[in-house]
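When you line the sequence shown up against the numbering used here, it's residues 100 to 404, in that order. For each residue, glycine too, the CB sits at the ideal point set by N, CA and C.
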Amino acid sequence: MVPLTQTFTVIADGTPPEVTIESPNRGQRLIGGECALDVRFADEGGSGIDPASLRVVLDGRELEGLEPAADRLTGTITLPDGAGHVLSVEVRDRAGNRAFASVIFEMLADREPPELRLDLPAGAVAAGVPTALTGGVRDDGSGLTGGLPVALLDGRPLPVVPGGGGTFAVALPDLAPGLHRLLLVATDAVGNRSTREETITSRRRVDPPAIRIEEPAAEVPAGSAPILVAIISAAEGGEIDPEHLSVRLDGVVVPLPPRAFDPATGRLRLYLPHALSPGGQYVITVDAADREGNESFASKEVLGR
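Below is the structure:
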């Protein structure tokens, strides 16, 4: 039998692998105490990366406990503030060929709290009716923890629903009449905190009183003291508070005589203690509030002729 022989050639792997540091970037200015680590390896057609040869050195100190995948190493590194941080990566293939890469970058301190905004209703909210408040939050530094602020109503957590572009909504439950404390807290990744504390007023009725000034007419004889007649009515089920009625003539409060206001009819009647001058223009204002605290006013311009 003739022996079977085969000739082959062994080519030594003399090409080093490739290593690329994707993050942090060279010259990058990072804000906060942490940054993402992302390193890529490649040894196409070679003997392959030797994971045991990997060395990652940050500012002269070798990082331990890193577990690279076949072609990538990811993680998070914590840094003190300052410029000139140096990250270097060394790796070899199974043939012993060495690859090296390094970057210099800067870590800036994040001492700015997040920007927090809350859009409040113009007045009180209706008791027993669910209400949603909107707002916005922004953090250009280390980033917002959890992506949303924390909301507390009278010390109890409230759900915060994210919206687009950093906006959010806070759903208020059915509130009992009275004053309620709403607290919003936004915290970034390094502990900077912004708070917003507001008092929410809840009332059984939120519609303001209606005021109609019937007299005087738009023109009043000069030299006379006009009579003011106004009809004031609260919203359905409400009641006008006589202690919160006032009349102003050109901004000056006019004293109300006893029984000037009749709660049964809602009629306010009194003489204005001021004789109008010929050609003079005057503004009469009536202010009113109901017992729930809802306020309104009405004004009328009067000309002396």
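- Query: Can a CB atom of chain C be found closer than 8 Å to the CB of L369?
  - Reply: No chain C is part of this structure, which consists of one protein chain only.
- Item | Coarse secondary structure for V109, derived from DSSP in three states | Counted from its first residue, the sequence shown places residue 109 at position 10. Unreliable positioning characterises V109 in this predicted model, as indicated by a pLDDT of 49, which lies under 50. A coordinate reading is not provided.
- Query: How close, in whole Å, do the beta carbons of P261 and V190 come, if the pair is a contact with beta carbons under 8 Å?
  - Reply: For this step, residue 261 is matched to residue 162 along the sequence shown. For this step, residue 190 is matched to residue 91 along the sequence shown. 41 Å between Cβ atoms; not a contact.
- Please name the residue, chosen from L274, V202, P308, that lies closest to I299 on a Cα-to-Cα basis. For the purposes of this step, residue 299 is taken as residue 200 along the sequence shown, with counting starting at 1. Minimum Cα distance to I299 is reached at L274.
- Examine the Cβ distances between the segment 341-357 and the segment 297-314 and report whether three or more of them are shorter than 8 Å. no
- Identify every residue that forms a DSSP beta bridge with P261. If you number the sequence shown from 1, residue 261 lands on position 162. When beta bridges are read from the DSSP output, P261 appears opposite F267.
- Endpoints, the beta strand (DSSP E) within which Q380 is located: Position 281 of the sequence shown, counted from the first residue, corresponds to residue 380. 380-388 is the extent of the beta strand (DSSP E) around Q380.
- So I312 is in the beta strand (DSSP E); what residue range does that whole segment cover? If you number the sequence shown from 1, residue 312 lands on position 213. Its beta strand (DSSP E) spans residues 309-314.
- Closest residue to A387 among L371, S398, G379 (Cα-Cα distance): Taking the sequence shown and counting its residues from 1, one reaches residue 387 at position 288. Checked all of L371, S398, G379; the closest Cα to A387 is S398.
- Of the listed residues F199, L278, T244, nearest to G222 (C-alpha basis): Counted from its first residue, the sequence shown places residue 222 at position 123. Nearest option by C-alpha distance: L278.
- Message: Going by C-alpha to C-alpha distance, which of G392, I330, L243 sits closest to D287?
- Response: Translated into positions along the sequence shown, residue 287 becomes position 188. For D287, the nearest C-alpha among the options comes from L243.
- Message: I'd like the span of the beta strand (DSSP E) that includes S146, first residue to last.
- Response: Translated into the one-based positions of the sequence shown, residue 146 becomes position 47. Here S146 belongs to no beta strand (DSSP E), and DSSP marks it neither H nor E.
- Task: Helix, strand or coil for T244, going by three-state DSSP, please let me know.
- Result: Sequence index remark: in the sequence shown, residue 244 carries index 145 (1-based). Correct three-state label for T244: helix.
- Please state if the CB of S187 and the CB of V156 are separated by a distance shorter than 8 Å. For the purposes of this step, residue 156 is taken as the residue at position 57 of the sequence shown. For the purposes of this step, residue 187 is taken as the residue at position 88 of the sequence shown. In this structure, S187 lies closer than 8 Å to V156 by Cβ.
- Task: Determine the direct distance from the alpha carbon of V284 to that of V319, and round the result to whole angstroms.
- Result: Within the sequence shown, the letter at position 220 stands for residue 319. Within the sequence shown, the letter at position 185 stands for residue 284. Across the structure, V319 and V284 are spaced so that their CA atoms are roughly 58 Å apart.
- So which of E297, M206, H184 has the shortest CA-CA distance to R160? Residue mapping note: residue 160 aligns to position 61 of the sequence shown, counting from 1. The candidate whose alpha carbon is nearest that of R160 is H184.
- Message: Using a 10 Å radius around the Cβ and a threshold of 16 neighbouring Cβ atoms, would you call P258 buried or exposed?
- Response: Residue mapping note: residue 258 aligns to position 159 of the sequence shown, counting from 1. By the 10 Å Cβ count, P258 comes out exposed.
- Message: In whole angstroms, give me the CA-to-CA distance for V401 and I331.
- Response: Counting from one through the sequence shown, the residue named residue 401 turns up at place 302. Counting from one through the sequence shown, the residue named residue 331 turns up at place 232. Going from the Cα of V401 to the Cα of I331 covers about 20 Å.
- Proximal residues to A208 (C-beta, below 7 Å), its chain only, five neighbours per side dropped: Sequence index remark: in the sequence shown, residue 208 carries index 109 (1-based). Correct list, in chain order: D180.
- Message: Assuming D306 is part of the beta strand (DSSP E), what are its boundary residues?
- Response: Position 207 of the sequence shown, counting from 1, holds the residue named residue 306. That residue, D306, is in no beta strand (DSSP E); it is neither H nor E in DSSP.
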